[in-house]
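Line order of the protein sequences matches chains E, Z, P, B, Y, X, W and V.
Residue 1 is where the first sequence starts when you use full-length UniProt numbering, and the numbers rise one by one after that.
Residue 1 is where the second sequence starts when you use full-length UniProt numbering, and the numbers rise one by one after that.
Residue 1 is where the third sequence starts when you use full-length UniProt numbering, and the numbers rise one by one after that.
Residue 1 is where the fourth sequence starts when you use full-length UniProt numbering, and the numbers rise one by one after that.
Residue 1 is where the fifth sequence starts when you use full-length UniProt numbering, and the numbers rise one by one after that.
Residue 1 is where the sixth sequence starts when you use full-length UniProt numbering, and the numbers rise one by one after that.
Residue 1 is where the seventh sequence starts when you use full-length UniProt numbering, and the numbers rise one by one after that.
Residue 1 is where the eighth sequence starts when you use full-length UniProt numbering, and the numbers rise one by one after that.
All C-beta atoms, glycine included, are put in the ideal place defined by N, C-alpha and C.
I have placed the structure first, in the form of structure tokens, so that the comments after it can refer back to it.
Protein chains: 8
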Amino acid sequence: MRDILDAVASGELSPAEAEAKLAGYTTTGAGRFDAARETRRGVPEAILAEGKTPDETATLAAAAVETSGRALITRASHAHVDAVKAMLSDADIDSDPRARTIVATEPGFERPTIDASVGIVTGGTSDAEAAGEAAAVLREMGASTERIEDVGVAHLGRVLDHLETLREMDVLIVAAGREGALPTVVAGLVNTPVIGLPVSTGYGHGGDGEAAMLGMIQSCTVLSVVNVDAGYIAGAQAGLIARAVADARDD
Amino acid sequence: MRDILDAVASGELSPAEAEAKLAGYTTTGAGRFDAARETRRGVPEAILAEGKTPDETATLAAAAVETSGRALITRASHAHVDAVKAMLSDADIDSDPRARTIVATEPGFERPTIDASVGIVTGGTSDAEAAGEAAAVLREMGASTERIEDVGVAHLGRVLDHLETLREMDVLIVAAGREGALPTVVAGLVNTPVIGLPVSTGYGHGGDGEAAMLGMIQSCTVLSVVNVDAGYIAGAQAGLIARAVADARDD
Amino acid sequence: MRDILDAVASGELSPAEAEAKLAGYTTTGAGRFDAARETRRGVPEAILAEGKTPDETATLAAAAVETSGRALITRASHAHVDAVKAMLSDADIDSDPRARTIVATEPGFERPTIDASVGIVTGGTSDAEAAGEAAAVLREMGASTERIEDVGVAHLGRVLDHLETLREMDVLIVAAGREGALPTVVAGLVNTPVIGLPVSTGYGHGGDGEAAMLGMIQSCTVLSVVNVDAGYIAGAQAGLIARAVADARDD
Amino acid sequence: MRDILDAVASGELSPAEAEAKLAGYTTTGAGRFDAARETRRGVPEAILAEGKTPDETATLAAAAVETSGRALITRASHAHVDAVKAMLSDADIDSDPRARTIVATEPGFERPTIDASVGIVTGGTSDAEAAGEAAAVLREMGASTERIEDVGVAHLGRVLDHLETLREMDVLIVAAGREGALPTVVAGLVNTPVIGLPVSTGYGHGGDGEAAMLGMIQSCTVLSVVNVDAGYIAGAQAGLIARAVADARDD
Amino acid sequence: MRDILDAVASGELSPAEAEAKLAGYTTTGAGRFDAARETRRGVPEAILAEGKTPDETATLAAAAVETSGRALITRASHAHVDAVKAMLSDADIDSDPRARTIVATEPGFERPTIDASVGIVTGGTSDAEAAGEAAAVLREMGASTERIEDVGVAHLGRVLDHLETLREMDVLIVAAGREGALPTVVAGLVNTPVIGLPVSTGYGHGGDGEAAMLGMIQSCTVLSVVNVDAGYIAGAQAGLIARAVADARDD
Amino acid sequence: MRDILDAVASGELSPAEAEAKLAGYTTTGAGRFDAARETRRGVPEAILAEGKTPDETATLAAAAVETSGRALITRASHAHVDAVKAMLSDADIDSDPRARTIVATEPGFERPTIDASVGIVTGGTSDAEAAGEAAAVLREMGASTERIEDVGVAHLGRVLDHLETLREMDVLIVAAGREGALPTVVAGLVNTPVIGLPVSTGYGHGGDGEAAMLGMIQSCTVLSVVNVDAGYIAGAQAGLIARAVADARDD
Amino acid sequence: MRDILDAVASGELSPAEAEAKLAGYTTTGAGRFDAARETRRGVPEAILAEGKTPDETATLAAAAVETSGRALITRASHAHVDAVKAMLSDADIDSDPRARTIVATEPGFERPTIDASVGIVTGGTSDAEAAGEAAAVLREMGASTERIEDVGVAHLGRVLDHLETLREMDVLIVAAGREGALPTVVAGLVNTPVIGLPVSTGYGHGGDGEAAMLGMIQSCTVLSVVNVDAGYIAGAQAGLIARAVADARDD
Amino acid sequence: MRDILDAVASGELSPAEAEAKLAGYTTTGAGRFDAARETRRGVPEAILAEGKTPDETATLAAAAVETSGRALITRASHAHVDAVKAMLSDADIDSDPRARTIVATEPGFERPTIDASVGIVTGGTSDAEAAGEAAAVLREMGASTERIEDVGVAHLGRVLDHLETLREMDVLIVAAGREGALPTVVAGLVNTPVIGLPVSTGYGHGGDGEAAMLGMIQSCTVLSVVNVDAGYIAGAQAGLIARAVADARDD
């Protein structure tokens, strides 16, 4: 640390640059892809493909792989997958059409491992994309994940069937659209932290995830919530909690 | 019916007046209190005390008792109760401070009886007023009611404990505030018509019953819904269904 | 019931599984299509075609027919109809382009019959899809339905022309877009339960069914309401009421 | 007009001042009370008492009487009435507690007369304040008004009873709270211009006049609309139409 | 009138049918096109092409021409125009691409004439469609219209240039998008009834006519308002006022 | 567990009751206070004093102390404090007027201890109540808490001053009103899970915590969020995470 | 600057503390009152009295006077004024009941002077508080202000009368409630930067400043906007612009 | 000025025309393109290509170049660029695909020069369009602009790196999407006027710039704000401030 302070004293670094270095990041000339944040929080940055052309997406992915060894792309169409495969012909590409995610890694890239498990609970096929996005970021962070599918508040028996599994997890992500009641029901049955993930199903009044979002925010039990369809945020937050648990486990 | 048409032909009645008479109502000079609607739909009109002075409320109640033998008053404060008792000293007064209802009847008033049962399910004390309003109108319509209290989506065991009772009812009213998930959970367990009654609990984003209302409207199971805190409407709608069932039972 | 409890005691069933069985449903390996709910509530599950590919829709329909003898598909385009016909070549297919519904049944499938009638009231062609969806689910539940079309609050004479029919029904579904006043007008004329079905017509401020929804929620008469364009829910709720009436009639 | 232009040429008046004078108004030193607008549009300015102290209200009323011979005060409490009576001891004071209006005139003040009639239709006591405000401004503008009370969409017979009167009016103001359907129903029955006046009754979702406002804006018939509880605006707009009709009648 | 009442007395007509006839309309078997409303209110019904196929639109237009001699179609695309021309080859077709209106009349159709004038004020090209829709219905109702274009609150000089014309009109429609201030500015300068017509220009926060609508509803001067882009309603309401004025002029 | 299953087999317990017992809760006759949930999730139930009379609050507190040894009361006024002190004269009472919390414990009550630390970051005095509520529930759950006050996005230096402390915590709650940017800024600097707690400061457009809530939901970094002013929920969620960490630490 | 870097090098200061010092602020132990921000931006911090007790307000005011020589208090009631006068008996107190502001200065306090002028335009008495708040902060920053009152879009002549004055200002703040059109009209007439200040007048749909805010945001001319009733922000922003102009003038 | 007044006196000019001329604008027959406003405020009018056909856009651009020597076109697609190039073959065309702007000038056109600098701060590529639009209008107004890119609240180091540059600017535009916190952070570090420019990034609850807009409106520091994506307005407002500063500098 001494050398950083010397650099400040000598004028080579501004105090802000010094602070930045001490905080574990650097301002590279690379611009757009924030390798620093990845280092800083241990959360892989995601490239949101939606609203970008396949070509723009692939270029960013290449920059990410070059800088950090890996690119995580969300909300990708088939055209995005094709463009990434074409441009990163040397990389290992793993794409999941249901989750609409792509992960590209340079050969030999080693993921971290977190000794903690995250359960991802969904009610139906319409939750698959958001849940898959969460699963992708968790896998990249190294947590082990368990998918608990096809449960729903209108089918209580299915929730109860999985009770033991739900209680064994270190953290739970519970995705739900429509009225968004599932996280409330699940959180009432476990003593694990639950993250509610509203999904943009539903139509008409309160549709597009609005009712689900408000229902989770107003839950009569203990929950925290992320944005509608924000599978990446839910996964990364669960990953941060899982890593805190795993770090404690390692001590 | 002949004499009505004669009265039209002779000019004593306008076609509109004739239609009115055929439809079972008359335009009395009494103005405000609609005794006709009561006759027509079999639903006692309610006098909403909120926003009226005790004196105005009592005057309307007196008009209602005189016209129809009974007054049903909702959202009444202690002052409203006192004013009604003072002005209708000859009537039988039955007031319920938790439901904030008053029923005044002339001596000897006979309620109808409906051979059908309505279950009213609530999660906590904050649902008591809306549920009590529903119970009051149902009692006046003659249906038998069953209160199932202190159940909630965060306490699934309590719902399951009451399953048999829930399934025995002809109609269910399920009240819920906060995220409003209880009607969805209950409707998933029974084959009875369920009416969702959102309650204005909750604060902050989506509070005051907004999340509950949207959650019930977006329910992933089969429900119909009434306005926030609209206990009177929920009760009357359940009463109409109960009467349809009872009428069929009587055939 | 004894054998279920034995299975619990012996560890073959968890208490939750036991509860599930007692409640009349089973968790099949089939996953997605909930034959159990159909058995439990007597309401045919609907497959929402909107947002699914023709292929996905047809696959789910095949699963539904295999499990329960029937598939009910809503919001189907011509492409969905073609895919269902191609995949279920042995089934009887009945599709209604105005209602955008498809019903596929295995040969010899027998619908239930409910001895009760449901009136479906609409104001114009723009209500036809929602009303047709309601009619489809009611037909599958076995209720007899009567369509009362082209009435509207700006044409009171037409409402009054149908008064007798409206009063003969056991339940009424009243669909309306724009200002959504028709259910209020109809409910003021009958003593039958009325379910308001807002339709997403209208444009500009309060358009897309918003004004209609709020108007029905705020109705000055007794109504319950379903979501905008939720013809399936309106139909199923009317069907549950009709069945309750018919069951009483059968006693 | 020549002298005004001379004043511009000589620099006594700016072009803007000239324009103002030609347009029929003057910028007095009196400040707050716009006697000019009254002259210009023939609509008496209203002093909104709500949010002003009794003393402030009375002071403005005195300024209005001094400038234009008359003060029209809306949303006045008893305290406002008392303060106006005390400060304007020489004026004729006419206050209406249901409409919450006060009109103060200097002795001998002569109202205009408009040979046209405006119908003001209301559904119940909760519409009385807004309707009374409209009636007050119309009386001050000189139009004759007819009150048609206690009609409502849930009581169609009452609407039909008044059909002849409704059709005789030159303009109609139709006030309604809750779902706000009455203006639509009335406008479907007459060939008179109808102004919808939403009233802030109703509670819960879409309450406080929101559903009524949206319903009138979305009406499936021909209407124009004013703000919630804006009785003064509805009355003044109806008065402008009535005067246009009366002016034509006088030609 | 006597024969209608006889028909009621003899059972040939229900009271509702009688009322309908007295009110000036009949329930034809034609269903959809409400020729009756046209007779009743003197306002030509509009066929909204948006959301209908060209074929459906042309079929409705044919029905309208057959029933009432004329069809007025709004929000029509080129395809709608072509289909109408093809199906109504004998009719006179007048289409306006800026207003997106089509008027088809049977040969020899005679429009009414209203001796009153309506000014239609707009700020720019984006108001042309709504204003043109208003002009079309006014022309069909027989009123004379004056277009005052390219004025706006940010160009006060242009408003003032047209002041004399504005003051000569019997009614004014003032269209505005963005912040919607023009109707307020115009209404402050004239003593004519002003109808505010919000237009769906604007983007971002309060865009799509929302700010314009709210601004007109909250206007600090006297106005009434119609829905966003509701040129037909604005025109028809102005036409009803113009006709009331013209009728008075004729007396 | 054997004896529970025996009780099921013998009919003493329903499967639902069995499930309930296995889940760690019992349905007591006490009704309102859910001691079971406390046992189940390890989160002390809170009694929300707001909207309850002092007497009702004290009665519930007495029930809570009797059942679980402790009562946690939130949003309490001075009158609530006095009533609780009067009714629970034997209990230890700890009230915090800034946080508006009361904790009552029976003599000798022993809190759990969690070997994990939670940082509670606030920007100003207006965040004190929500933050204090979070601190109270964390203290009752046994976590150690650190308050980091008077930091804000408009005073970045203060945030940076506390960087080391922020990074040492196991979980962070960051409260913010107005634009709610502080949790985003903090989460960008640490690799700890951050829970955003919006506070109902701010006025006008987006006030009362609305902008803060939306800003946290839309954060460009990784966060989860609770309702506006939901200090209790934020604290309990942080407590669940802290306990998960501590349990891992203990392994 | 050298000594700061030395302090960093020696470990006396963290880089963040160094950055803070270089930026012109220090973290005092005083906590709440941000004297630093005042130094940094040259904008006096305001103490918002609303929601604080008179005593809390006076205590903060004392801290402000002690730290910076001056306290600026907004939204103060008479009770706040009395408390400030009592606690700061040695200070010079200047309170303005219409603006609801208090300024307390230590004897001999010298305000800065900015050689630039700010015009504050209002339409009526209801804008006085917000405009007065803006004027207070501008006076404390040293700018000269000109009040242009009682102009409004419905009284264009008054706007035009003040055109010369409006054009002489360096910056304009234009306050408006209701439909908020005045800033648009003014900005169309001048080439000066205009800041729109929406005011919470208006009632019903779009009331409480909502329509005014949206109208300014959607203005068809060039404006920037602050929050509803945010007189302090409008004044401070105008002050920053005025100072930039004055600094340029001084060069 | 004398001759204008003479023209008024002689009737050649109306007072309004005189006022218009004095204000520096004329009503040309050209209609749509407001060359006058450009002269009046020194802000080049923008032609919004979005919603216009390429041909319409090019025609307007030709009119603008003919009238004022220059056309500024915003939100242009490639097709718009091609059409403008084709129609204005003699003009100098400068198009920026990232900003989606086109500037066409007649040969030899001379831009003004403003001796003041505007900083435009952005967080990422999604802010490029709005920022580029602001830069385009500033360049046309003659201000020098500095782009500060890729800073964001989650990367504080980057903000601090640019602190010196930020403080050297005369005005700052700070664009931000998602939670919109960047303008608040920047404004807390400088004593320059800051204009917040919300950008329509973000999805789900509060997406499309809604959270960013509300966050800037609620900022706890001194800012003024423009509409979502309103780069042109932000640039023009900054340009007006810059010119005021430059004019002072020139004195």
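What number of angstroms, rounded off, separates the C-alpha of residue i from the C-alpha of residue j?
i, j, result
"Leu-60(P)", "Thr-145(P)", "28 Å"
"Leu-214(E)", "Ser-77(Z)", "32 Å"
"Arg-158(W)", "Val-151(W)", "5 Å"
"Lys-52(P)", "Ala-212(V)", "33 Å"
"Gly-231(Y)", "His-205(P)", "14 Å"
"Asp-96(V)", "Leu-189(B)", "58 Å"
"Arg-139(P)", "Gly-177(E)", "29 Å"
"Val-225(Z)", "Ile-195(Z)", "6 Å"
"Ala-62(X)", "Met-87(X)", "7 Å"
With a threshold of 8 Å (Cβ to nearest heavy atom), would residue i be considered close to the ligand FAD?
i, result
"Leu-48(B)", "Questions concerning the ligand FAD fall outside what the structure shown contains, since it holds no ligand whatsoever."
In terms of residue numbering, what span does the beta strand (DSSP E) encompassing residue i cover?
i, result
"Ser-68(W)", "Note, Ser-68(W): premise wrong, no beta strand (DSSP E); alpha helix (DSSP H) at 54 to 68."
"Asp-96(Y)", "92 to 96"
At least one CB of chain X closer than 9 Å to the CB of residue i: is that the case?
i, result
"Gly-235(V)", "no"
Check the Cβ-Cβ distances between residue i and every residue of chain W, and say whether any is below 9 Å.
i, result
"Thr-125(Y)", "no"
Tell me, please, whether the CB atom of residue i is closer than 9 Å to any CB atom in chain E?
i, result
"Met-141(P)", "no"
So residue i contacts chain W; which residues on that side make the cut at Cβ distance below 8 Å?
i, result
"Gly-209(B)", "Gly-204 and His-205"
Please list the partners that residue i has in chain P, where partner means a Cβ-to-Cβ separation under 8 Å.
i, result
"Ser-200(Y)", "Gly-204"
Could you name the residues of chain Y that residue i contacts, counting a contact when the two beta carbons are closer than 8 Å?
i, result
"Ala-157(B)", "Going by the sequence as given, residue 157(B) is Gly instead of Ala. The premise fails here: Gly-157(B) is roughly 11 Å from chain Y at the closest Cβ pair, so nothing lies under 8 Å."
Would you mind telling me which residues of chain V sit closer than 7 Å to residue i, beta carbon to beta carbon, in chain order?
i, result
"Ala-230(E)", "Gly-204"
Distance cutoff 9 Å, beta carbons only. Does residue i sit that close to anything in chain B?
i, result
"Gly-51(Z)", "yes"
"Thr-74(Y)", "no"
"Thr-145(P)", "no"
I'd like to know whether the C-beta of residue i is nearer than 9 Å to at least one C-beta of chain P.
i, result
"Met-213(Y)", "yes"
Residues of chain W with CB closer than 9 Å to the CB of residue i, please, in chain order.
i, result
"Ala-248(V)", "Asp-115, Ala-116, Asp-170, Ala-244, Val-245, Ala-246, Asp-247, Ala-248, Arg-249, Asp-250 and Asp-251"
Could you tell me which chain X residues have their CB closer than 8 Å to the CB of residue i, listed as they occur along the chain?
i, result
"Gly-42(E)", "Asn-191"
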